[in-house]
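In the working numbering, the protein residues as written are 108 to 543. Don't be surprised by glycine CBs; every beta carbon is placed ideally from N, CA and C. All values derive from a computational prediction rather than experimental measurement.
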Amino acid sequence: MAMQRTTSETLYKEALEHIVGGVNSPSRSFKAVGGGAPVFMKRAEGAYFWDVDDNRYIDYLAAYGPIITGHAHPHITEAIIRAAQNGVLYGTPTELEIKLARMLKEAIPSLDKVRFVNSGTEAVMTTIRVARAFTKRNKIIKFAGCYHGHSDLVLVAAGSGPSTLGIPDSAGIPTSIAQEVITVPFNDLDSLKIALERWGDETAAVMVEPIVGNFGMVMPEPGFLEGLCRLTREAGALVIYDEVITAFRFHYGTAQTFAAFPDFAAIEPDLTALGKVIGGGLPIGAYGGKKHIMEQVAPLGPAYQAGTMAGNPASISSGIACLEVLQEQGIYERMDRLASDLADGLAASASRHGIPLTINRIRGSFSAHFCDHPVTNYDQAQDTDGELFGRFFKLMLDQGVNLAPSKYEAWFLTIAHTQEDIAATIAAADYALARL
Ligand code: PMP
108 MAMQRTTSET
118 LYKEALEHIV
128 GGVNSPSRSF
138 KAVGGGAPVF
148 MKRAEGAYFW
158 DVDDNRYIDY
168 LAAYGPIITG
178 HAHPHITEAI
188 IRAAQNGVLY
198 GTPTELEIKL
208 ARMLKEAIPS
218 LDKVRFVNSG
228 TEAVMTTIRV
238 ARAFTKRNKI
248 IKFAGCYHGH
258 SDLVLVAAGS
268 GPSTLGIPDS
278 AGIPTSIAQE
288 VITVPFNDLD
298 SLKIALERWG
308 DETAAVMVEP
318 IVGNFGMVMP
328 EPGFLEGLCR
338 LTREAGALVI
348 YDEVITAFRF
358 HYGTAQTFAA
368 FPDFAAIEPD
378 LTALGKVIGG
388 GLPIGAYGGK
398 KHIMEQVAPL
408 GPAYQAGTMA
418 GNPASISSGI
428 ACLEVLQEQG
438 IYERMDRLAS
448 DLADGLAASA
458 SRHGIPLTIN
468 RIRGSFSAHF
478 CDHPVTNYDQ
488 AQDTDGELFG
498 RFFKLMLDQG
508 VNLAPSKYEA
518 WFLTIAHTQE
528 DIAATIAAAD
538 YALARL
């Protein structure tokens, strides 16, 4: 029987009157899973959500990534309360900012200098400006399906959000801007090579999610990042890693410092964009890189970037507290084990019910695509059964399991999930898969 969600339905109707589409980010709508009222949540703690009708859900959305400690983690909550009591916004520098900058630099050696902003979008947008200022070139190369926020340049043939809604590009972006962007398939060095042969001397930067989180989780094939960095540098362009999702997601560090993948450790990007986890759930972004490149940024250099809310004590305190929690021994290994059990359970159930499912798992994060082929690039991720996913999503919701309402989004484990949650989720999935 479908779960009762009448209050959510009423609130959705009301929201539609006042908020465009009823949601403040399109990925929250249920458009990509067959429509209907999104669930209005009223409380979250640990691995759970409670909706306005008092239904409980095990959460694998993790707010699209930031909530790796689980919701309302006491150490983070305490830090936010302390910050609020001391005043939430100063417009002056604080010592806290130095502390978080140091923590990031210690974990990510390619950062000589950082700057805090308010979102991943801002972080990425500014890395592009800095790369353009530094190289005095205009073009950007990016990879199909990678999502880098909603600024003009990176919404050209962008990933999860727009593709989910079936809008290839956004309206409102001039063709003249789109022409500054070249999109090539992920994991395809030959295409990158061709693009660089043609436009290399006009290219300011090649931007990449070093581990993709936006068309499911996709690993770079061995040698891809190494080749990407080599070809990019041969062309005199900069390498920008968008680690908004990947930072502190798989280990205490980033994809670029992930020793478990030998291909990564040797390669440092010139600039890195960060966000999500580094704010512990409050709005944040950051970008950073080599000193001589970062010195392009005002007040030292000619590339302007500013922010009234940037580095605010609440977000920074929350970020410091979150990283402190993540420093605890064994945390990532535990998420890895739980995610492995969950992925195995899903795979076993899918195979029992004769439903093809491709699972890409990287430690505590994974994606489950309804298809019978591997997913290593965006074309393959598109070529999966969205209608089936939509029905699976709703059956899971009715069983009290909250996933992202899109076939492209990952499942995120948090440190709050337990073995019992995993068992309950596998049971829910078995029920759902049996009814597809
Ligand atoms: N880069 C990546 C890789 C992302 O996944 C996202 C958000 N999903 C962004 C940038 C944009 O971040 P924000 O939503 O904080 O602007």
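The three-state reading of DSSP puts Leu-296 in helix, counting H, G and I together. Straight-line measurement puts the Cα of Leu-510 at about 27 angstroms from the Cα of Ile-187. Val-288 counts as buried, since at least 16 other C-beta atoms from the protein chains shown sit within 10 angstroms of its C-beta. Of Arg-542, Ser-458, Ala-428, Ala-539, the smallest CA-CA separation from Glu-185 is found for Ala-428. Within the same chain, and ignoring the five residues on either side of Ala-421 in sequence, the residues whose Cβ sits closer than 7 angstroms to its Cβ are Ile-187, Ala-190, Ala-191, Val-195, Leu-389.
Every unbroken stretch of the alpha helix (DSSP H) spanning 4 or more residues and falling wholly within the segment 414-445 is given here in chain order: 420-433.
Counting along the chain, no beta strand (DSSP E) covers Leu-203; the unbroken alpha helix (DSSP H) around it starts and ends at 202-214. Partner residues in the beta bridge of Trp-518, as assigned by DSSP, are Phe-473. The closest heavy atom of the ligand PMP lies 8 angstroms or more from the beta carbon of Lys-149. The ligand PMP approaches Lys-383 closely enough that one of its heavy atoms is under 8 angstroms from the residue's Cβ. Within a 10 Å sphere around the beta-carbon of Val-127 sit fewer than 16 other beta-carbons, which makes this residue exposed. Excluding five sequence positions before and after Thr-491, the CB atoms of its chain that fall closer than 8 angstroms to its own CB belong to Thr-465, His-476, Phe-477, Cys-478, Val-482, Lys-514, given in chain order. For the ligand PMP, no non-hydrogen atom lies closer than 8 angstroms to the CB of Tyr-197.
No Cβ-Cβ contact shorter than 9 angstroms links Phe-250 with Glu-309.
Put simply, of Asn-162, Thr-525, Ala-523, Glu-229 the residue whose alpha carbon is nearest the alpha carbon of Ser-258 is Glu-229. Out of Lys-138, Ala-311, Gly-141, Asp-161, the CA that lies nearest to the CA of Phe-147 is found in Asp-161. Taking C-beta separations shorter than 6 angstroms and ignoring five residues to either side along the sequence, Thr-525 has no partners in its chain. Counting along the chain, the unbroken beta strand (DSSP E) around Val-221 starts and ends at 220-224.
Taking 8 angstroms as the cut-off, one finds at least one heavy atom of the ligand PMP near enough to the beta carbon of Asn-321. Residue range 526-541 is occupied by the alpha helix (DSSP H) that includes Tyr-538, with no beta strand (DSSP E) assigned at that position. Counting along the chain, Gly-334 sits inside the alpha helix (DSSP H) bounded by residues 331-341. Our two residues, Ser-283 and Gln-403, have alpha carbons roughly 25 angstroms apart in a direct line.
Between the ligand PMP and the CB of Thr-361, the shortest heavy atom gap is not smaller than 8 angstroms. Contact between the segment 217-227 and the segment 408-420 is present, with at least three C-beta pairs closer than 8 angstroms. Around the beta-carbon of Pro-512, 16 or more other beta-carbon atoms lie within 10 Å, marking it buried. Closer than 8 angstroms to some heavy atom of the ligand PMP: that describes the Cβ of Val-351.
Each of Gly-330, Ala-344, Leu-211 was checked against the Cα of Ala-302, and the nearest Cα belongs to Ala-344. Taking all protein chains in view, the Cβ of Ile-205 is surrounded by fewer than 16 other Cβ atoms within 10 Å, so the residue is classified as exposed. Under the three-state reduction of DSSP, Asp-308 is assigned to helix. For Tyr-485, the enclosing alpha helix (DSSP H) covers residues 485-489. In the DSSP assignment, Glu-116 falls within the unbroken alpha helix (DSSP H) covering 113-125.
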